[in-house]
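Trainee:
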Amino acid sequence: MSCTVPDPLSTDIAVIGGGIIGLGIALEAQRADHRVTLIDPDPATGATYAAAGMLAPVSELHYQEEDLLSLTLASAARWPAFAGNLAAETGLDTGFRTTPTLALGADAADRAALGDLREAQTRQGLQVTRLTTREARVREPLLSPRITAAHLIEQDHQVDPRALANAIMTRLAAVGAERDGVKPEQTLVRTRATTLLHEDPADSRSRVTGVLLADGTQIHARETILANGLGAAGFGSLPDSLVLPLRPVHGDILRLRVPEHLRPLTTVTLRGMVRGLPVYVVPREDHTVVIGATAREDGNPGVSAGGVHQLLRDAQVLLPAVAELELIETTARARPGTPDNAPLLGRVASADGPDVPGLLIATGFFRHGVLLTPIAAHVIVELIAGRRDPAWDRFRPDRFSPALQPKEYA
-4 MSCTVPDPLS TDIAVIGGGI IGLGIALEAQ RADHRVTLID PDPATGATYA
46 AAGMLAPVSE LHYQEEDLLS LTLASAARWP AFAGNLAAET GLDTGFRTTP
96 TLALGADAAD RAALGDLREA QTRQGLQVTR LTTREARVRE PLLSPRITAA
146 HLIEQDHQVD PRALANAIMT RLAAVGAERD GVKPEQTLVR TRATTLLHED
196 PADSRSRVTG VLLADGTQIH ARETILANGL GAAGFGSLPD SLVLPLRPVH
246 GDILRLRVPE HLRPLTTVTL RGMVRGLPVY VVPREDHTVV IGATAREDGN
296 PGVSAGGVHQ LLRDAQVLLP AVAELELIET TARARPGTPD NAPLLGRVAS
346 ADGPDVPGLL IATGFFRHGV LLTPIAAHVI VELIAGRRDP AWDRFRPDRF
396 SPALQPKEYA
């Protein structure tokens, strides 16, 4: 009995991974007039599905991550055009909102921690306005009278990742069919990709010419982008000696519906510190809120009962009315972390020095995936065009690969 091998497909850019990073790259590549094929059996159902969508370069500043700040700020500046153009192209709402963020402290220790963070933010030239607790409660009347500190961050906004992903997939299929004459199922291939294809099958450092799918289909591409999150580390036929040190960091996320008599629960994103633990409350236009987020490295992919309890408990410290909301969804997903919490982004060096042609990597975005989508897409599309910025070198995906002897990036 013979086995029929599917006919190969051809495209300009093959993007492996349909999370928000892969989707953003595919969108920008298509905008740059490349034929794009996005490969993922279940796009936008991983970390993207769970993400709250906070665009928070100021709030997310962490000590010893100053290099990452330049990237998050650059990406935040791109968000209005990135989302606005997509809305105009599709007629769909992406959930992008320029509402600010209110950082809150629950007790004296939390107030001190927020004060220390504000000093660090100010040293970086970031604008954080200290409010009295009375001023904060005038803005948001349902805040607890027991909060001890409030800082207003006008620069930190939000987007709805689920709405954004839907709009991008709609645009990819429509433009692919109209401009390139390909069927929607050829623009978005809902099959698992398994192995990189090389010009010399015996040499994983040779030019990457595309990708092999689980059903045996070969997709030939001028450039292949590996943007499949945690799956990138074990992908078939990666260049020799490349180390992608990704680790799963699970987060528990809750979605709750706000009853009519409590609307609006909050008009801004709330980011609280409660007994030293972070919690956030993100309002949506559909009268729901997203509450998160735990960070677990216990290997458990399911929703943690302790995590749900912690989030509800701490959210109620900030907003007592949370106790009256309807819990409609609990979700847990793993985010791809790296040793320095910065992304693996760019081309890969081979052992003899030159970059492996035809291959780019975009993974390891940890808690910044949604925020960094526009800049990650910009970097990848610029590299495809042969343009590079030395500032991007510090995020190269081969920086943890001693055998490749990557340069030291300051």
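Under our numbering, the first residue of the sequence shown is numbered -4, with each subsequent residue one higher. Note that beta-carbon positions come from the ideal geometry of N, C-alpha and C, so glycine has one too.
1. Counting only the same chain and skipping the five closest in sequence on each side, list residues whose C-beta sits under 6 Å from that of residue 361.
2. Hey, out of 196, 399 and 327, whose CA is closest to residue 350's CA?
3. Check whether the Cβ atoms of residue 167 and residue 21 sit closer than 8 Å, and answer yes or no.
4. Could you have a look at residue 139 and say whether DSSP puts it in helix, strand or coil?
5. Would you say the region 248 to 258 touches the region 267 to 285, given that touching needs at least three Cβ pairs under 8 Å?
6. For residue 300, is the classification buried or exposed, using 16 other Cβ atoms within 10 angstroms of its Cβ as the cut-off for buried?
7. Name the residue from 28, 53 and 13 whose alpha carbon lies nearest to the alpha carbon of residue 406.
8. Using C-beta distances below 8 Å, list every residue in its chain close to residue 303, excluding the 5 sequence neighbours before and after it, in chain order.
9. Could you pull the start and end residues of the beta strand (DSSP E) that residue 325 belongs to?
10. Taking the alpha helix (DSSP H) that residue 81 falls in, what are its first and last residues?
11. Going by DSSP, which residues form a beta bridge with residue 49?
12. Quick one: what's got a C-beta closer than 6 Å to residue 286's C-beta in the same chain, skipping five residues either side?
13. Which first and last residues belong to the beta strand (DSSP E) in which residue 190 is found?
14. Suppose you measure from the CA of residue 194 to the CA of residue 203; what does that come to, to the nearest Å?
15. For a test of the three-state rule: what should DSSP assign to residue 218, helix, strand or coil?
16. If we call anything under 8 Å between Cβ atoms a contact, is residue 205 one with residue 192?
17. Starting from the Cα of residue 263, find the closest Cα among 6, 17 and 49 and give me that residue.
18. Would you kindly check if the distance between the Cβ of residue 142 and the Cβ of residue 313 is under 8 Å?
19. Do you know whose CA, among 111, 230, 99 and 105, lies nearest residue 130's CA?
20. Report back the beta-carbon spacing between residue 343 and residue 183 to the nearest angstrom; my notes put them in contact at under 8 Å.
21. Please classify residue 391: does DSSP put it in a helix, a strand, or coil?
22. Just the C-alpha distance for residue 226 and residue 196, rounded to the nearest angstrom, thanks.
23. Let's test the definition: count the other Cβ atoms within 10 Å of the Cβ of residue 383 and tell me whether it reaches 16, buried, or not, exposed.
24. Just to confirm the assignment: which complete alpha helix (DSSP H) runs, minimum length 4, are found wholly within the region 111 to 138?
25. Between the Cα of residue 6 and those of 15, 28, 16 and 159, spot the shortest distance and give me the residue it belongs to.
26. Enumerate in chain order the residues of its own chain whose CB-to-CB distance from residue 138 is below 7 Å, with the five nearest sequence positions on each side excluded.
27. With distance defined between alpha-carbon atoms, name the residue in 16, 170 and 8 nearest to residue 359.
28. Name the residue from 60, 257 and 217 whose alpha carbon lies nearest to the alpha carbon of residue 421.
29. With the cut-off set at 8 Å, would you say residue 96 and residue 70 are in Cβ contact?
30. Assuming the contact rule is C-beta atoms closer than 8 Å, residue 154 and residue 230 should be a hit. Round their C-beta distance to whole Å, please.
31. For residue 64 and residue 150, which I take to be in contact (beta-carbon distance under 8 Å), what is that distance rounded to the nearest angstrom?
32. On a CA-only basis, which of 379, 369, 397 and 381 is nearest residue 66? Give me that one, please.
33. For residue 466, which residues in the same chain have their Cβ closer than 8 Å to its Cβ, ignoring the five residues on either side in sequence?
34. Give every residue of the same chain whose Cβ lies closer than 8 Å to the Cβ of residue 103, excluding the five residues on either side of it in the sequence, and list them in chain order.
35. For residue 247, which three-state DSSP category applies?
36. State the beta-bridge partners of residue 275 as determined by DSSP.
Mentor: Short version:
1. Mapped onto the sequence shown, residue 361 falls at position 366. Closer than 6 Å at Cβ, skipping near neighbours: 330, 332 and 336.
2. As a first step, residue 350 must be located in the sequence shown, where it is residue number 355. Proximity to residue 350 across 196, 399 and 327 peaks at 399, based on C-alpha coordinates.
3. As a first step, residue 167 must be located in the sequence shown, where it is residue number 172. As a first step, residue 21 must be located in the sequence shown, where it is residue number 26. Against a cut-off of 8 Å, the Cβ pair of residue 21 and residue 167 comes out as a contact.
4. Your numbering for residue 139 matches position 144 in the sequence shown. Note: residue 139 maps to coil in three-state DSSP.
5. A contact exists between the region 248 to 258 and the region 267 to 285.
6. Position 305 of the sequence shown, counted from the first residue, corresponds to residue 300. Answer is exposed; the Cβ neighbour count stays below 16.
7. With the chain covering -4 to 405 only, the question about residue 406 has no answer from this structure.
8. Position 308 of the sequence shown holds residue 303. Cβ neighbours of residue 303 beyond the five flanking positions: 247, 249 and 325.
9. Counting from one through the sequence shown, the residue named residue 325 turns up at place 330. From DSSP, the beta strand (DSSP E) with residue 325 extends over 321 to 332.
10. Position 86 of the sequence shown, counted from the first residue, corresponds to residue 81. 61 to 85 is the span of the alpha helix (DSSP H), which, as asked, contains residue 81.
11. Here residue 49 corresponds to residue number 54 of the sequence shown, with the count starting at 1. The partner list for residue 49 (beta bridge, DSSP) reads 153.
12. Locating residue 286 in the sequence shown gives position 291, where the first residue counts as 1. The answer, listed in chain order, is 249, 276, 306 and 310.
13. Here residue 190 corresponds to residue number 195 of the sequence shown, with the count starting at 1. For residue 190, the enclosing beta strand (DSSP E) covers residues 188 to 193.
14. One-based indexing of the sequence shown puts residue 194 at position 199. One-based indexing of the sequence shown puts residue 203 at position 208. Approximately 6 Å between the Cα atoms of the pair.
15. By 1-based counting over the sequence shown, the position of residue 218 is 223. Of the three classes helix, strand and coil, the one that applies to residue 218 here is strand, per DSSP.
16. Here residue 205 corresponds to residue number 210 of the sequence shown, with the count starting at 1. Here residue 192 corresponds to residue number 197 of the sequence shown, with the count starting at 1. Yes, the Cβ-Cβ distance between residue 205 and residue 192 is below 8 Å.
17. Here residue 263 refers to the residue found at position 268 of the sequence shown. Of the candidates 6, 17 and 49, the one whose C-alpha sits nearest the C-alpha of residue 263 is 49.
18. The residue labelled residue 313 in the question sits at position 318 within the sequence shown. The residue labelled residue 142 in the question sits at position 147 within the sequence shown. Result yes, Cβ atoms of residue 313 and residue 142 sit closer than 8 Å.
19. Here residue 130 refers to the residue found at position 135 of the sequence shown. Residue 99 is the option with its Cα nearest to residue 130.
20. For the purposes of this step, residue 343 is taken as residue 348 along the sequence shown, with counting starting at 1. For the purposes of this step, residue 183 is taken as residue 188 along the sequence shown, with counting starting at 1. Distance from residue 343 to residue 183 at the Cβ level is roughly 26 Å; contact not present, criterion being Cβ atoms closer than 8 Å.
21. Along the sequence shown, read from residue 1 onward, the residue named residue 391 stands at position 396. Coil at residue 391, not helix or strand.
22. As a position in the sequence shown, residue 226 is number 231, starting the count at 1. As a position in the sequence shown, residue 196 is number 201, starting the count at 1. Their backbone Cα atoms lie some 21 Å apart in a straight line.
23. Translated into the one-based positions of the sequence shown, residue 383 becomes position 388. Label assigned to residue 383: exposed.
24. Scanning the region 111 to 138 for uninterrupted alpha helix (DSSP H) segments of 4 residues or longer gives 128 to 134, listed from N- to C-terminal end.
25. Walking along the sequence shown from the start, residue 6 turns up at place 11. The option with the nearest alpha carbon to residue 6 is 28.
26. For the purposes of this step, residue 138 is identified with residue 143 of the sequence shown, where counting begins at 1. The residues are 131, 132, 313 and 314.
27. By 1-based counting over the sequence shown, the position of residue 359 is 364. Selected option, being the one with the closest Cα: 16.
28. Residue coverage of the chain in this structure runs from -4 to 405, which leaves residue 421 outside it and unanswerable.
29. As a position in the sequence shown, residue 96 is number 101, starting the count at 1. As a position in the sequence shown, residue 70 is number 75, starting the count at 1. If you check the CB distance, residue 96 and residue 70 do not come in under 8 Å.
30. Reading the sequence shown from its first residue, position 159 is the one you call residue 154. Reading the sequence shown from its first residue, position 235 is the one you call residue 230. The beta carbons of residue 154 and residue 230 sit about 28 Å from each other, so the pair does not count as a contact at 8 Å.
31. The residue given as residue 64 occupies position 69 in the sequence shown. The residue given as residue 150 occupies position 155 in the sequence shown. Beta-carbon to beta-carbon, residue 64 and residue 150 are separated by about 12 Å, too far to satisfy the 8 Å threshold.
32. Numbered from 1 along the sequence shown, position 71 holds the residue referred to as residue 66. Closest option to residue 66, Cα to Cα, is 369.
33. What the structure shows of the chain is the stretch from -4 to 405, and residue 466 is not part of that stretch, so it cannot be assessed.
34. Locating residue 103 in the sequence shown gives position 108, where the first residue counts as 1. Only 143 meet the Cβ criterion.
35. The residue labelled residue 247 in the question sits at position 252 within the sequence shown. Here residue 247 sits in strand by DSSP.
36. Numbered from 1 along the sequence shown, position 280 holds the residue referred to as residue 275. When DSSP reads this structure, residue 275 sits in a beta bridge with 266 and 287.
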